[in-house]
Amino acid sequence: MALRPAAALSLGVCLFAAAAQPTWSQDFEFPIEESEWMLRNLRPSGQPVVPVFEGWMTRPNGTHDLCFGYFNMNLDEVIDIPLGPDNYIEPAEFDGVQPTHFMEVPEREGRYYCLFTVSVPAGFGDRRVTWTLRQNDRVFEVPGHTTVPGYRVADFVHASRDLMAPTLAFVEPEGPPFVGKRGGTAGVIEVEAGRPVRLAVSVSHPEEASRLAAGMVWWGKYRGPSGTNVHFSDRILRFTAAEAEDGILAATNVTFDDPGDYMVFVQSRQGSFIDQCCWTNGYLNVRVAP
């Protein structure tokens, strides 16, 4: 995948303009002469994964969802960081929902937006939920919070653009519908290593949605053993507004090279990620036998 230098620069600037800027651990000294690569260098490999806080949403019951994504600054290199001292969320009660598999820069979208949420109670106040990634002696961390109104984002509905998040439902395996960034989780399903399995989701829109826009569905490995390959026959499906009117069936054949416990994700959006709306996340637990 090729990316012009100007595009690389604008992508890095947008990351820090649109999300909370990661902070560096106090026990790590980040040299001034190295700081600029964070903003302007995308390379085939050797760069870090940066955690991103997208914003927060309030539920009808008063609880809040904090939205996190990531920016892998590598055009080609995929990075695995297992849960533990190099990939953790604090306070510890919120740890374990984050991904461990970080895919390369996507061709059009630039980075991975709000792949998971952390749910915090009503009255969370000025406390923070911090996601930390450690790579090659560099520590990247970003705090999530509910104290800044400017970080409040839409979940299901973008009123000013008249858009609504799509409703997803796993068809293979069959499951109930779900909508929004918190999404829905299915499984565990059991498969064999090296043997393709068909996964599919239906994508529909509420009847009250007055406007439909072009969108996409994409699949990916979310968690699993480090260094293992998961192959998707059709990883990305893009659809037009006209196609969205009749509903979409997004199917892919997935092959796991190695045994273990995995989680794959599926994400569907309508419109653009830029305004933090509107999309839906889904997760599927998979146990792969030898």
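In our numbering, each residue's number is its place in the sequence shown (first place is 1) plus 429. All C-beta atoms, glycine included, are put in the ideal place defined by N, C-alpha and C.
{"Item": "What is the DSSP secondary structure of F553, counted as helix, strand or coil?", "Value": "coil"}
{"Item": "Let's test the definition: count the other Cβ atoms within 10 Å of the Cβ of G554 and tell me whether it reaches 16, buried, or not, exposed.", "Value": "exposed"}
{"Item": "Alpha carbon to alpha carbon, what distance is there between D524 and E506?", "Value": "25 Å"}
{"Item": "Tell me whether the beta-carbon of N501 lies closer than 8 Å to the beta-carbon of I508.", "Value": "yes"}
{"Item": "What residue range does the alpha helix (DSSP H) around E672 cover?", "Value": "670–674"}
{"Item": "Return the CA-CA distance between D675 and A598, expressed in angstroms with no decimal places.", "Value": "15 Å"}
{"Item": "Measuring only the C-alpha atoms, how far is E672 from V568?", "Value": "44 Å"}
{"Item": "Output the distance between the C-alpha atoms of T561 and V620, rounded to the nearest integer angstrom.", "Value": "32 Å"}
{"Item": "Tell me the DSSP bridge mates of G484?", "Value": "C496"}
{"Item": "Alpha carbon to alpha carbon, how far is P477 from L504?", "Value": "11 Å"}
{"Item": "What number of angstroms, rounded off, separates the C-alpha of T596 from the C-alpha of R611?", "Value": "12 Å"}
{"Item": "Straight-line CA distance for N565 to L666?", "Value": "35 Å"}
{"Item": "As a quick exercise: from R472, D663, C496, pick the residue whose alpha carbon is nearest that of V571.", "Value": "C496"}
{"Item": "When the distance is taken between beta carbons, is G498 closer than 8 Å to R540?", "Value": "yes"}
{"Item": "Under the rule that 16 or more other beta-carbon atoms within 10 Å means buried, what is R627, buried or exposed?", "Value": "exposed"}
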